[in-house]
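Have a look at the structure below before the remarks.
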Amino acid sequence: MDVLTAGALGVVCGLALAAIATFLVRLHERRQRPPLPANPPEPQVPGGVTDVLAVLRDGAIVLDASGTVVRTSASAVAHGLVRGTTLTHAELRALAVQVQRDGIIRDVELELARGPLGQGMMLMGVRVAPIGRDLVLALVDDRTKARRVEEVRRDFVVNVSHELKTPVGGLALLAEAVEGAADDPVAVQRFARRMKVESTRLTRLVSEIVDLSRLQTADLTDPLVPVDVGECADEAVEHTRVVAGERRLTLSRDTRDDVLVHGDAELVTTAIRNLITNAINYSEDGSPIAVVCRRREDLVEVSVTDQGQGISPGDQERIFERFYRVDAARSRATGGTGLGLSIVKHICANLGGDVVVWSQLGQGSTFTVRLPAAHLTGEPPSPQTPGPTQNARSAAPPVASGRVPAQPTPHHTIPAMRPNEE
């Protein structure tokens, strides 16, 4: 073997030994390092807390140092306080941050919005305290029902004393008139017809007062089910088409998107029916009424548009008050009680939505019910949701000058039934 070959072999052997030594050194260093965890460790919730949360009737939420929800009770979810791993209300998040920072227990009473529109409010007693080293526990007691029961008791007394005495007094006077006209069959028949009208109005008034009281005291944590708003609109139109036929009014209904909400089908139908009835009462004979259902981001909207007399700006601020009537004489002639729109408002608030109105005198009106849309499994929520101050006109169908199109879409038109068609 010559000198050149021996030198080359020496270089190769040296490089191989250096590579082996480097590998062994790095392997030794790697074994000395602690292994990296696959996932960050979960916060250690004190023993028994999870079991307690499972049986609590009140809302209970455990948060870690970053404000992330790590444990929650079913009641907190039912009240809409938690969405995923996040508190939905800024007021609760701020309380948790304060307690996390200084460790001082806080006990407050808060009014929290029910749903994204912030129209329905919940009165909550909230107690926030530190537990363990890095965790915070929030206990939330729903006091809404207790306050609403007191409001209903007070309102019921006012309703009975203010509204029921009028038809009851009218019936008493008519009874006296019948007694005095016993020898006049024509007068007796006339007074009897008036008594029938007043008794019908009284029955409707009592029924709507009871309905309103039930809405005010409803248990808002009852489980809600997916409701097809389009089907509710169909039922509402079907219920009112005979009355519309007496006035030669044309009812049309159009559904443009998937319109599912979490709610109660009977309540949603009642709200739409009341809006259609209101449109019928204030529309001119032979004019159209359009009912449009649509999906707008995280909301489902139902708009009822008429070509009636319209509502002045001053009246628009009060039309959802109980017993308020824009045209008292017309309301008496149609048998209206002044409670229909108030019932709509309470239904929307109970379902986490609201109702808005756009109107111009001589042009007509559009009432729009807005309810949170039901998200299908895996469907992400839209990044933006219209707020409660959104211009009411933006919720109206795209109708020029607020008027219903002269020719509704034929395959959606539901002709009103004339009385002699049944």
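Yeah, the sequence shown ends on 408 if you go by the numbering used here, and it's all consecutive. Don't be surprised by glycine CBs; every beta carbon is placed ideally from N, CA and C.
An exposed status is given to G348, since fewer than 16 other beta-carbon atoms sit within 10 Å of its beta-carbon.
Going by DSSP, V245 is part of no beta strand (DSSP E) at all; its letter is neither H nor E. Of the residues R187, M108, A115 and L125, the one whose Cα lies closest to the Cα of A132 is M108. Runs of the alpha helix (DSSP H) lying entirely within the segment 203 to 280 and spanning at least 4 residues, in chain order: 215 to 232 and 251 to 267.
The closest CA to that of R87, considering only A230, R281, T256 and D120, is found on D120.
Here V312 is near D301, since their CB atoms are less than 9 Å apart.
Contact annotation: S269 and Q293 have beta-carbon atoms nearer than 9 Å.
The three-state secondary structure of R190, taken from DSSP, is helix. Note that the C-beta distance between A46 and A82 is not below 9 Å. Secondary structure of Q349 (DSSP, three-state): coil.
With a beta-carbon spacing of about 5 Å, F177 and A163 fall inside the 8 Å limit used to define contacts.
Separation of G53 and E95 (C-alpha to C-alpha, rounded to the nearest whole angstrom) is 20 Å. In the structure shown, R119 falls within a coil segment according to DSSP collapsed to helix, strand and coil.
Selection T71, D44 and G70 evaluated against A62 yields D44 as nearest (Cα-Cα). Of the residues V330, R140, E77 and E136, the one whose Cα lies closest to the Cα of R113 is E77. Looking at the DSSP output, E97 bridges to L109. Three or more beta-carbon pairs separated by less than 8 Å link the segment 251 to 270 to the segment 216 to 225, which places the two stretches in contact.
Each residue's CA atom was taken as its position, placing I266 and A60 some 43 Å apart. DSSP places L357 in the strand class (E or B) of the three-state scheme.
For G45, the enclosing beta strand (DSSP E) stretches over residues G45 to L49. When DSSP reads this structure, A124 sits in a beta bridge with I47 and V114. Ranking R180, F309 and S273 by CA distance to the CA of S351 puts S273 first. The three-state secondary structure of S289, taken from DSSP, is strand. Residue pairing by DSSP places D340 opposite R356 in a beta bridge.
In the structure shown, V330 falls within a helical segment according to DSSP collapsed to helix, strand and coil.
Taken atom to atom, the span from the alpha-carbon of L237 to that of R227 is near 7 Å. A residue is called buried when at least 16 other Cβ atoms come within 10 angstroms of its Cβ; I333 meets this threshold and is buried. The three-state secondary structure of V38, taken from DSSP, is helix. Around the beta carbon of K331, a 10 Å sphere encloses 16 or more other beta carbons of the protein chains shown; the residue is thus reported as buried. For T130, the three-state secondary structure derived from DSSP is helix. The C-alpha of L201 lies about 35 Å from the C-alpha of V122. Between the beta-carbon of V56 and that of V68 there is about 11 Å, and that puts the pair past the 8 Å contact cut. In this structure, the CA atom of D93 is about 52 Å from the CA atom of Q295. Between F309 and G324, the beta carbon gap of about 4 Å places them in contact (Cβ cut-off 8 Å). By alpha-carbon distance to R180, the top candidate from V192, V154 and R242 is V154.
Annotation: the continuous beta strand (DSSP E) that includes V55 extends over V55 to T58.
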